[in-house]
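In this text, residue positions in the sequence shown follow the working numbering: the first is 129, and each later residue adds one. Every residue gets a Cβ at the ideal spot worked out from N, C-alpha and C, and that includes glycine.
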Amino acid sequence: MNVTPFMVDLEGKQAVIVGGGRVACRKALHLMKGGARVTIISPEVHPVLQEWIRAGKIDWKQKKYTGDKLEDAWVVVAATDSADVNRRVALSARSHQLVNVVDQPELGNFHTPAKLNRGRLILAVSTGGASPTLACKIRDHLAKIYDESWEKKVEDLYQKRRS
Numbered sequence: 129m130n131v132t133p134f135m136v137d138l139e140g141k142q143a144v145i146v147g148g149g150r151v152a153c154r155k156a157l158h159l160m161k162g163g164a165r166v167t168i169i170s171p172e173v174h175p176v177l178q179e180w181i182r183a184g185k186i187d188w189k190q191k192k193y194t195g196d197k198l199e200d201a202w203v204v205v206a207a208t209d210s211a212d213v214n215r216r217v218a219l220s221a222r223s224h225q226l227v228n229v230v231d232q233p234e235l236g237n238f239h240t241p242a243k244l245n246r247g248r249l250i251l252a253v254s255t256g257g258a259s260p261t262l263a264c265k266i267r268d269h270l271a272k273i274y275d276e277s278w279e280k281k282v283e284d285l286y287q288k289r290r291s
């Protein structure tokens, strides 16, 4: 996969995650933080997802993925424990949407990097799907260098630039 990093505004965009486990939970949190409206398609969901559903933070279609049309989704994440289901999700969505396939990145057209937020400062690390674990280790190393004090530094620069 030949990728180009860019930042995207997810505010109000529809995101569909097929799968309801730990990985789906992590992906949902990432998308929610970006402002996306998240819908989970899965017969069962992780307890944390259940909390978010009860709180009205995300929607849940309690069923197996059966080739549902995903045209209303701006971004699609295939996060089941079935390579076959993930492949079908990718084939259904890839031609016209952003799609991330957690266990087969080559089937998707984007992946999410390990991310560090310090207010307006956002650092993203990717190994191109080779080793998400290594990307997380590098992010954690950067977190020691760019500690919480950077949030104020960058905000001050932003305010100065705006004035």
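State the DSSP-derived secondary structure class of residue i, mapped to helix, strand or coil.
| i | result |
| --- | --- |
| Ala183 | coil |
| Val136 | coil |
| Asn214 | helix |
| Arg248 | coil |
| Lys243 | strand |
| Leu198 | coil |
| Ala206 | strand |
| Val230 | coil |
| Lys161 | helix |
| Lys281 | helix |
Could you tell me the boundaries of the alpha helix (DSSP H) in which residue i lies?
| i | result |
| --- | --- |
| Val173 | Premise fails: Val173 is in no alpha helix (DSSP H) and is neither H nor E. |
| Gln142 | Gln142 -> not in any alpha helix (DSSP H); beta strand (DSSP E) instead, spanning 142 to 146. |
| Thr261 | 260 to 273 |
| Val131 | Neither: Val131 is in no alpha helix (DSSP H) and is coded neither H nor E. |
Just to confirm, are residue i and residue j a CB contact at a threshold of 7 angstroms?
| i | j | result |
| --- | --- | --- |
| Val144 | Leu177 | no |
| Val205 | Asn228 | yes |
| Leu251 | Leu235 | no |
| Gly147 | Thr208 | yes |
| Thr167 | Asp196 | no |
| Asn214 | Asp231 | yes |
Between the options, which has its C-alpha nearest residue i's C-alpha?
| i | options | result |
| --- | --- | --- |
| Arg246 | Ile169, Ile168, Val131, Tyr274 | Tyr274 |
| Gln225 | Val203, Ala211, Arg215, Leu219 | Val203 |
| Tyr193 | Asn130, Ile169, Asn237 | Ile169 |
| Gly140 | Asp284, Lys272, Arg165 | Arg165 |
| Phe238 | Ala218, Arg248, Leu244 | Ala218 |
| Cys153 | Arg289, Ser277, Gly256, Glu172 | Glu172 |
For residue i, count neighbouring Cβ atoms within 10 angstroms of its own Cβ and tell me buried if that reaches 16, exposed if not.
| i | result |
| --- | --- |
| Arg150 | exposed |
| Tyr286 | exposed |
Report yes or no: is there a C-beta of chain C within less than 7 angstroms of the C-beta of residue i?
| i | result |
| --- | --- |
| Ala258 | No chain C is present in this structure, which holds just one protein chain. |
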